[in-house]
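Accompanying notes for the structure given below.
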Amino acid sequence: MFHGQNNGERLVLCSPQSKLHANGHGWFDLTKKQVELLDDADIAILAVRLEGGKVYYVDFKELRKLLSAVKTLKYSSDEKWRLYIWDKYITVRGNDSKFPVEPELYPTN
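Set out below in structure tokens:
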């Protein structure tokens, strides 16, 4: 998590740990605490990196509309949401809505 100020607005950048699934899509978890910090920001950005040089920059305030309290997972000490990244969209576990995204491609060495 990165916290900063831009022209008096509070900026939060979150780069959650992501994994690449065997069927070609990526996934990551957002904890309740991460979501609270992003919610409190004026500008909230997710930067999700996947293997192969793909980075997805997401306006969290828009993606947040897909998260619901009843869809959190409770398999550890922290409640969290599971998000899946496909080539052109993100989905949230338990929600069939698709959030359109385009990756930035960076060379891998």
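Numbering (our numbering), first residue to last: 91 to 199. Cβ coordinates follow ideal geometry from the N, Cα and C atoms, glycine included.
Buried/exposed call for residue i, threshold 16 Cβ in 10 Å
i	result
residue 92	exposed
residue 128	buried
residue 116	buried
residue 173	buried
residue 161	exposed
residue 144	buried
Where residue i falls: helix, strand or coil (DSSP)
i	result
residue 130	helix
residue 94	strand
residue 190	strand
Whole-angstrom distance between residue j and residue i, CA atom to CA atom
i	j	result
residue 193	residue 182	18 Å
residue 95	residue 187	32 Å
residue 99	residue 130	11 Å
residue 178	residue 103	21 Å
residue 112	residue 176	12 Å
Taking one C-beta from the region 95-108 and one from the region 155-172 each time, how about it: are there three or more such pairs within less than 8 Å?
Taking 8 Å as the limit for Cβ pairs, the verdict is that the region 155-172 does not touch the region 95-108.
May I ask you to verify whether the region 121-130 touches the region 169-184, counting CB pairs closer than 8 Å and requiring at least 3?
Output reads yes: the region 169-184 touches the region 121-130.
Pair every Cβ in the region 149-162 with every Cβ in the region 125-135, then say whether three or more of these pairs are closer than 8 Å.
With the rule of 3 Cβ pairs closer than 8 Å, the region 149-162 counts as touching the region 125-135.
Within the region 101-180, ranges of the beta strand (DSSP E) (whole runs, at least 3 residues):
Those beta strand (DSSP E) runs which fall completely within the region 101-180 and span 3+ residues are 108-110, 116-121, 133-140, 144-149 and 170-175.
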